[in-house]
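Enquirer:
Residue numbers (UniProt numbering): 1 to 77.
(1) For the alpha helix (DSSP H) holding residue 62, just list the boundary residues, first then last.
(2) Hey, how far is the Cα of residue 63 from the Cα of residue 69?
(3) Using alpha carbons as the reference points, say which of 54, 34, 41 and 8 lies closest to residue 26.
(4) Express the C-alpha separation of residue 22 and residue 52 in angstroms, rounding to a whole number.
(5) Apart from the five residues on each side of it in sequence, which residues of its chain come closer than 7 Å, Cβ to Cβ, to residue 57?
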């Protein structure tokens, strides 16, 4: 089993109660380019709700800047 596959499985076990983190980490494990978090978050919200819901988009933006804010330099690379 490849390192990336193990990483995805490990993340699934550790963040099973946090689907947005699992979805993003799964995407990052097999992506070679840097992911634009804000663009990804907009598409995540649209995928989860089946359509664009402005109030939900705004709620995710608030969460992105507060609860899900990563300020550690080594994690933001």
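All C-beta atoms, glycine included, are put in the ideal place defined by N, C-alpha and C. Being a predicted model, the structure only gives us computed values, none of them experimental.
Expert: Taking the definition as stated:
(1) As a first step, residue 62 must be located in the chain shown, where it is residue number 62. From DSSP, the alpha helix (DSSP H) with residue 62 extends over 54 to 65.
(2) Taking the chain shown and counting its residues from 1, the one referred to as residue 63 is at position 63. Taking the chain shown and counting its residues from 1, the one referred to as residue 69 is at position 69. Taken atom to atom, the span from the alpha-carbon of residue 63 to that of residue 69 is near 8 Å.
(3) Numbered from 1 along the chain shown, position 26 holds the residue referred to as residue 26. Closest option to residue 26, Cα to Cα, is 8.
(4) The residue you call residue 52 lines up with position 52 of the chain shown. The residue you call residue 22 lines up with position 22 of the chain shown. Spanning the two alpha carbons is a distance of roughly 21 Å.
(5) Counted from its first residue, the chain shown places residue 57 at position 57. The residues are 42 and 45.
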